[in-house]
Every structure is written in structure tokens, then in C-alpha cells.
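Student:
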Amino acid sequence: MTVHTNEQPVPAASSATGHTVPTSHPQATTVKVLAVLLAVMTGAAAALAAYIVGDHVTKNAAEPIVWAAMTFVAATGLLILLEEKTGLLR
Numbered sequence: 008m009t010v011h012t013n014e015q016p017v018p019a020a021s022s023a024t025g026h027t028v029p030t031s032h033p034q035a036t037t038v039k040v041l042a043v044l045l046a047v048m049t050g051a052a053a054a055l056a057a058y059i060v061g062d063h064v065t066k067n068a069a070e071p072i073v074w075a076a077m078t079f080v081a082a083t084g085l086l087i088l089l090e091e092k093t094g095l096l097r
């Protein structure tokens with residue numbers, strides 16, 4: 008009888024040729040999708056806040072749109088980077 012702990016990986020199912028076939032984990036895929044969705048939604052909220060602040064601060068119509076676009080890219084990119092560093096996206 009073999010007991011597998013966290014340190015010992017569970018062997019994957021083997022095919023007729025002796026090669027191992029990796030098993031898919033639907034839970035891991037769900038976590039990745041939700042992590043990316045969280046990053047996009049956080050970027051959208053930050054962009055909306057930047058647009059509202061920019062609309063109150065400036066008189067030009069284009070500046071708040073630029074601020075919102077830059078904030079969306081920065082916030083989404085930062086959150087995805089942090090998710091990769093913490094191991095949510097691998």
C-alpha cells in the first residue's frame with residue numbers, strides 16, 4: 008500500500024506506450040479563471056474611479072478617458088502579477 012503526502016506527487020495514469028499522461032484538474036482551471044476575472048473587475052473599478060476623479064479635476068474631456076485607460080491597464084497588470092507571484096496563476 009502506498010500513501011501519498013504533499014511531498015510525494017501522485018503518479019499520473021500511464022498509457023500503453025509507458026508515457027505518463029497529465030490529469031486535468033477542473034478546480035485549478037476554475038481558480039485561474041476567477042483570478043483573471045477578479046483582476047479585470049478590479050481594473051474596471053479602478054478605471055471608473057480614475058474617470059470620476061479626472062472628470063472633476065480637469066476641464067478637458069479627453070484627459071479622464073486617458074487616465075481611466077492607463078489606470079485599467081496598470082491595475083489589471085499589477086493584480087495579475089501579484090496572482091502569479093502568490094501561485095494562483097501557474
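For what it's worth, our numbering labels the leading residue of the sequence shown as 8, then goes sequentially. Glycine included, each C-beta is placed from N, C-alpha and C at the ideal position.
If I follow the unbroken alpha helix (DSSP H) through Ala54, where does it start and stop?
Tutor: Its alpha helix (DSSP H) spans residues Pro33 to Val64.
Student: Verify whether the separation of the beta carbon atoms of Ala75 and Ala46 is less than 8 Å.
Tutor: In this structure, Ala46 does not lie closer than 8 Å to Ala75 by Cβ.
Student: Taking only the alpha-carbon atoms, compute the straight-line gap between Ala53 and Ala42 and give it to the nearest angstrom.
Tutor: Computed Cα separation, rounded: 17 Å.
Student: Judging by CA-CA distance, which residue of Pro33, His32, Gln34 and Lys39 is the nearest neighbour of Glu91?
Tutor: When each option's Cα is compared against that of Glu91, the closest is Lys39.
Student: Are the beta-carbon atoms belonging to Gly50 and Thr83 less than 8 Å from one another?
Tutor: Result yes, Cβ atoms of Gly50 and Thr83 sit closer than 8 Å.
Student: If you drop the 5 nearest sequence neighbours on each side, which residues of the same chain put their C-beta closer than 6 Å to that of Ile87?
Tutor: Same-chain partners within the cutoff: Ala46.
Student: Cα separation between Val73 and Ile59?
Tutor: Straight-line Cα distance between these residues: approximately 12 Å.
Student: Look up Ala68 in the DSSP assignment and say whether it is helix, strand or coil.
Tutor: Three-state result, Ala68: coil.
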